[in-house]
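Below is one structure, written out as structure tokens, with a few remarks after it.
Residue numbers (the working numbering), protein chains in the order written: chain A, 182 to 304; chain B, 182 to 304.
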């Protein structure tokens, strides 16, 4: 028997603000494009419409990605993590994902970490 | 002039609990492995030690990934997003990333979305 949309959404553990983190990944190249936030209604719209909708924490409103910029995200897949508090969305990204014009929101700022040794030495 | 570790950490916008979301990605295959949380000290340890350390919200303690399981994450890169509130870590994952034994934390639960139309039709 196929689960209803409400049964699927009921498996999500939303935080104390009613939100869940949504990682957005280009489905074929596997680039991580951005991290957004969704409440139950944004997730419902995303899972049922084929277009990614977030909840904007700064503007306190729904935000269907690309409605103003044209840089839409078309849904190709959606997964929930093992403890139910993160969503991975696989999308077809049209144009740059980032409002700054870069392909992903992670392109501009390198935190320049110390790179670890090979696992055989680190274990 | 090279930035200090404190200057880099100062660019991060931590939430009202002092945490930032950290997406962990296998550096070569680009699989999204998991989402964890870091406070400033967990991020400092991650950026300076070559091993990924989280803040466990459920246990309220630092958690260096793999110390009990052996499934360590060796740091290969770290990026901050455009608004400073999400980190993307590229790692070499030893063994399964998920405590359930699957490769990633997103392997088990398909949210079965409606797949969107091709972008040319959706724009």
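C-beta atoms are modelled at their ideal positions from N, C-alpha and C, and glycine is treated no differently.
In the structure shown, residue 221 of chain A falls within a helical segment according to DSSP collapsed to helix, strand and coil.
Within the same chain, Cβ atoms closer than 8 angstroms to the Cβ of residue 257 of chain A are found at 208, 271, 272, 273, the five residues on either side in sequence being excluded. Within the segment 199-281 of chain B, the runs of beta strand (DSSP E) at least 3 residues long that lie entirely inside it are, in chain order, 201-207, 213-219, 234-237, 242-245, 254-261, 267-274. At the C-beta level, residue 228 of chain B and residue 277 of chain A stay beyond 8 angstroms of one another.
One thing to note: residue 260 of chain B has its Cβ no nearer than 8 angstroms to the Cβ of residue 214 of chain A.
Looking at B:211, B:200, B:255, the one whose alpha-carbon comes closest to that of residue 205 of chain A is B:211. Chain A places a beta carbon closer than 8 angstroms to that of residue 212 of chain B, counting this residue as a contact. The Cβ atoms of residue 219 of chain A and residue 244 of chain A do not sit closer than 8 angstroms to each other.
It is roughly 41 angstroms from the alpha-carbon of residue 221 of chain A to the alpha-carbon of residue 299 of chain A. Excluding sequence positions up to five before and after residue 275 of chain B, its CB lies within less than 8 angstroms of the CB of 247, 251, 252, 253, 254, 255, all in the same chain and listed in chain order.
Boundaries cannot be given for residue 289 of chain A, as no alpha helix (DSSP H) includes it and DSSP labels it neither H nor E. Among the residues of chain B, those whose CB is under 9 angstroms from the CB of residue 231 of chain A are 294, 295, 296, 297, 298, 303, following chain order.
Taking 8 angstroms as the threshold, the shortest C-beta distance from residue 269 of chain B to chain A falls below it.
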